[in-house]
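Chains as they are written, first to last, in the UniProt record's numbering: chain P, 1 to 436; chain F, 1 to 436; chain E, 1 to 436; chain H, 1 to 436. Single-structure report; data block below.
Here it is, written out as structure tokens:
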């Protein structure tokens, strides 16, 4: 049997193939000469699987798609305060090459426009790097996101440098405001090298998947940047990634995304997957025509919109029963599914409404498949309160969903295995790894 | 035992209570006279539970918080095409009362600024409503979101009308561009009545929860607007809801939100909960000072940011085993958790890699707690392909997660109960409702 | 013999007649229905002579050409400080109907754009006029400039009022900023009546000639506004009169001007003449196409550009001679031409360089045809200094160019007739009117 | 006797001396270190006389005051079409260092803002000059305006170059639009050299006087640029010279002007004089505080405002008499004063209204002190028409005001001396130089 995903991708590529509208970027000969028929789409899951169709291994320059990744590096290397002092996070509603500096401070509006990206480049790596060292840090960082060593296309780089008047204008303007403190020409040179890194659609999908996977590359398992950085980067991609079409994209596609002038386009679905497409013809916003169509299809076909409300989950409280009686009476709550704040609130409520009088309370999380920090803390707090109310609290947690079950402050939890919990035999596929 | 959520809310209110910075809106006496110490926060879950602290029943005017809800009505009543032709979806990066019309067309940039909201008001209800009928449709619509009958504060309304010069300016400008086709004065009058609807923090939380619950009021179970409308509304709230601080909010809070000049502030977490706060003192952007602080706390304390990548879920494939042998050999995949595209992809992959040779394949979804459309379609397609490859495909689905399991086009699925599936006894709390 | 001026005007009209580009204003039926072939040009000299060609008596509405005249009334009626506090004088570089308010204060950028003109209308007449009284003051003021009673075209007025959405928008915006303090609707109504006053090209030329003649109507001799008001009005016309084409006009035509949407166009050459043209087809700036061509012709054919440097005048010192000798020795300076600062400086210098030792100094201004205030004061100061140096100073001034020749502060001037001045007989056409 | 002008200047300097508000430009050490107490004012008449007070010989850098002069050179060297294609003439309403490019074309709004001035620098001299040759052409041109060899302050120049980030930004932006076609760095270097030319208040007054004198330096008598160039330059100074305070300046001062950041300020009164002031402290617009005050005084004290309507001149027709009778009857018109269009019109009208029946008509212009082209052409045309009507036309013109009195096309004029004209003896100071 063949997988449905590659078939799906092949079908969708077939649907957009006939659209030859738009033009490849023409401002340097290397981009103008790109084969406009090239077309690729790749999905990379957060567990590292890649599905692709079309020219998935064709190499092209990353261009502006480097921006969110280098922004991630800057946030990691210099800290949020320093970066936010020099680059804002507000959508500009303007084209990519608008200067868009805040009038008083000269701070670029966001890191996705060139002014912000040039500043961001200068903030990658430690404070006192030489220009060469900084480019090296950027290329290594992009390589870490991609999970393989990337290189610079020197021909494109040289050609871009000859046509860098607008970027030089921006960099000198930033220098005049003190936003850049280094030689503007050197920073633009470094920025252009950053944009000239060669990637394939496959690389870009893996880079996007690294964002979707909280900053850990799904194949190398390298934690490239941490989760708070990823959250910032995805937020900025969501509001500023598609330039002056930000609102259209946010409503119609709803996937944090970034496009590049060589025809690449990436999207990252938090917790699900990275997506990349490649097709060189651009629309008037500078986004790949067929890339945009592909993302519209992906979003509507597969419900990938971040504002798509997920279907109502089955109740997290699978059962709430009393086993035994008298001094042996045990209240058993079997929980299931993924538990975040709303689920934890439901569990707490179940317990409050039950007002359990039984001496023992068992929380069974063996059917729970994920639980986040706030939910974990809420369950521990509930356990603490139950302890203070005179209950003994037990936890059935064969897969260690709650790794360190100490409620603190007068609370106590005893971890037990499922057999002791309710006297029944649950048909676990795996054995409990811990016993009290 | 007391629930942890109200305690948490009480704690957080206590933390922000001492912040007396900002000023209540002063442009009309009624708002200027508001008790600036009023403070409330309410959570409403998508199953209809409310947790609140502070002045949760204090009534105040809804003001701009009406905007997303009336936008939802307009989308419902007139359709997306008509509404989008007259109101854009791009963030304006400007204050709420900027005119912000597109220069050529006069189309307001988005429905969250006054120009867009005034236009949106005129698009609520059917085409030929009288001004009175339109206001009635709007008040009934807001009431449906809230789940109780709301009323207009006539005193505030009259006072606002006397100070409506800027809104009248905007409406006449819209009329001059043909965006409004009715009497500008009547539309502004209706818009002001819309803004003067009285609500409590409790109402607002329920209205937000209705958005978080795909448009169905969690208590009345009325489907107020459909899911595609909600997705559009949440997307626009995410990018345009907080005016010129949109990027700050998107990065730091990350909850689609809307504020009102009377001190209200709502947020909607898709699939989880609606949040409302109330505190009349405003910052320079016109947002409630303590309301913004509360949302920052909620977001960071509880991981409610929409770009927060959820923790890695346990594998959706709980087990993949072969029972029996020879002609009776049965491959059984037990699935679990919530399945969206990425999970379905994983299941497909498991089957492709297994390359099952057994005559029978069983998909057991009894531990699956949610599954979305695309995942459902992918599983059906896999079943179809397995049928075409010569397998018999069985589905164990005691809770009807896949309501109409017909793969079509040559595929066939037999629904069975769990006992037949693998000869084991699963300790189901509920009995399978169907047998083949 | 026929005058050359009407012939010239007829010739020039003939040259532009074939240009049928542009369109009459189409926003109300009355303007759209204007006969587009109408064409007129009129010159009115500062002594009240009119030369015209074409449809000089065709009536049309004054529209925006009323703006500078009503600005003049506001300055006269309320004083410069009050008017400048509410309307700026900076060119906006924008189209006539742009709102163009200063961002902080809401003050319109200048009185030639609609926002400024609406505000200016509200400042005409005394503070507490009723709307009807204000319109009356405006119509009477325009009539005074024209030198005949003008009337309002009620049909155009009614039609404009129905299409006044943009002006109503502007007025409400001004009201919201406190720039207007009256009912915006009433002010717009009055402003539209102002714009609907019927004029002919002949009227407009006379109105412009009144500006060119320091505010005195050349025929009625009514001093409509004073000279300082005229200077302000002409300055603002020069920088803001032609909207977004201000710079083009200032360089290519160089005549302070104002156009109206009904096809009128006026220009005022300080001290020389008023010009008016009429042709209804407008260019994209809203200026009459053939009107602009006519003014370009007038400017280049006749050197009417205000920055045209006049040809070097013959020396103001016609002769500097000594008559007689010894105690009778008399130094006689015969002056000629027009004397402003530069001429007076030349005369002073002549005297300083001559270092006259003669007991008597005669200044003969009988050939001087004009002398301004500063020059007069400088000559008196020179006379004072000569007195203090021990000279007797005599003035020959048969036409009373220096009406009150008292140098003050120790100076003394004796007015004599020419015969006594130098013993020669000057062939005066008129007799000296004074003897000492 | 001492001249009143220096005394006046000394008085006015004394009045403004106590104003120590503002700050010298601080962006480079050389300017920051300027002695802020320096104060000078100089008047230079169109016949080359200088009157000054204060530090008239203190040297400082010309800075932006070079802009109108280099604009004049560009217009001379490349022609109007070429220069206007690359630099506009519209006021920008913005600060001097705003980029202010037209959005489509990238054309700077006007030559007085830096973007326009940098472009203008590149247009001085012939097309293919090297950067060194271009700077040489510019320095020689400025020297020609000043009437002495000027030099560059190399220290200021070097320091400016180190702080030229904003100008480099502008130049690269212009290069990216193709407005500049040369190396942006070289153009900025040349522009900075242009701005670093050392001048005194005396030099600046003479440069301004050259503009006031139709482009001819009053001392050297070199025609530096022609009259049409001067008209363009003065027009642009009038509308764009004082940056964002253009309207204030145009109304309150009304003298075409230009300021420099080193504290210089010039004004040019067409046909009258050039003015320069020097005082280093600047207001927030970047204009010299005391310089602005001085110009306000000059304008109001001396009626130098270009929109000041000159006092009504004495009638140009001094007398209109008939001498003799019958076949000898002669109509004699004695004209006087300065004659431009309006005066010529008056003369033509006098003749038309007289409807002369006498065989001979004498036009006596011996008391006319100036006459411009259009007036000359009108008088010749009148003479032609009189000839065609059967009159003999005579001209009395001892000073050759009408150098080549040929009406052409059937007209004929006989030049005679005054004695023959009317049989009377006019007491001319000079003898007629021609006889028929």
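Cβ atoms here follow ideal geometry from the backbone N, Cα and C, with glycine treated the same way. All values derive from a computational prediction rather than experimental measurement.
Beta-carbon contacts of residue i that lie in its chain and below 6 angstroms, excluding the five residues immediately before and after
i, result
"residue 109 (chain F)", "88, 90, 92, 100"
"residue 411 (chain H)", "383, 384, 387"
"residue 279 (chain E)", "39, 263, 288, 290, 291"
Rounded separation between residue i and residue j - CA only
i, j, result
"residue 75 (chain F)", "residue 294 (chain F)", "31 angstroms"
"residue 7 (chain P)", "residue 246 (chain P)", "30 angstroms"
"residue 376 (chain P)", "residue 5 (chain F)", "14 angstroms"
"residue 19 (chain H)", "residue 239 (chain F)", "51 angstroms"
"residue 197 (chain E)", "residue 153 (chain E)", "6 angstroms"
"residue 84 (chain H)", "residue 128 (chain P)", "47 angstroms"
"residue 65 (chain F)", "residue 205 (chain F)", "11 angstroms"
DSSP-derived helix/strand/coil call for residue i
i, result
"residue 323 (chain H)", "strand"
"residue 339 (chain E)", "strand"
"residue 429 (chain E)", "Low per-residue confidence applies at residue 429 (chain E): pLDDT is 37, beneath 50, and the placement is therefore not dependable, though the value from the model is reported in the following sentence. Residue 429 (chain E): coil per DSSP, three-state reduction."
"residue 220 (chain P)", "coil"
"residue 59 (chain P)", "coil"
"residue 280 (chain P)", "coil"
"residue 151 (chain P)", "coil"
Element boundaries [alpha helix (DSSP H), containing residue i]
i, result
"residue 176 (chain P)", "165-176"
"residue 27 (chain P)", "No alpha helix (DSSP H) contains residue 27 (chain P), which DSSP labels as neither H nor E."
"residue 452 (chain F)", "An answer regarding residue 452 (chain F) cannot be provided, because it is not within the stretch 1 to 436 covered by chain F."
Proximal residues to residue i (C-beta, below 7 angstroms), its chain only, five neighbours per side dropped
i, result
"residue 107 (chain F)", "86, 87, 88, 101, 179"
"residue 13 (chain E)", "39, 41, 53, 54"
"residue 267 (chain F)", "208, 255, 256, 257, 275, 295"
"residue 316 (chain P)", "335, 336, 337, 339, 343, 346, 347"
"residue 409 (chain E)", "384"
beta-carbon residue i near the ligand ADP non-hydrogen atom, thresh 7 angstroms
i, result
"residue 65 (chain P)", "The ligand ADP is not part of this structure, which contains no ligands at all."
Residue span of the beta strand (DSSP E) that contains residue i, given as start and end
i, result
"residue 355 (chain F)", "Note, residue 355 (chain F): premise wrong, no beta strand (DSSP E); not H, not E."
"residue 18 (chain F)", "Run containing residue 18 (chain F): none; DSSP gives neither H nor E here."
"residue 414 (chain H)", "413-416"
"residue 121 (chain P)", "Element bounds for residue 121 (chain P): not the beta strand (DSSP E) but the alpha helix (DSSP H), 114-123."
Contacting residues, own chain, Cβ-Cβ under 8 angstroms from residue i (five flanking each side not counted)
i, result
"residue 192 (chain F)", "157, 160, 161, 164, 167"
(message) Tell me whether the region 203-211 of chain H and the region 140-149 of chain H touch, counting them as touching only if at least three CB pairs, one residue from each stretch, are closer than 8 angstroms.
(response) Short answer: they touch.
(message) With three or more beta-carbon pairs closer than 8 angstroms as the criterion, would you say the region 44-55 of chain H touches the region 175-189 of chain H?
(response) For the pair of segments examined, the region 44-55 of chain H was found not to touch the region 175-189 of chain H: the number of CB pairs separated by less than 8 angstroms stays below three.
(message) Taking contact to mean 3 or more Cβ pairs, one atom from each stretch, closer than 8 angstroms, check whether the region 215-226 of chain H and the region 58-68 of chain E are in contact.
(response) In short, these stretches do not touch, since the Cβ pair count stays below three.
(message) With a threshold of 8 angstroms, are at least 3 pairs of Cβ atoms found where one atom belongs to the region 184-191 of chain H and the other to the region 199-206 of chain H?
(response) As far as the Cβ criterion goes, the region 184-191 of chain H does not touch the region 199-206 of chain H, which means the pair count is below three.
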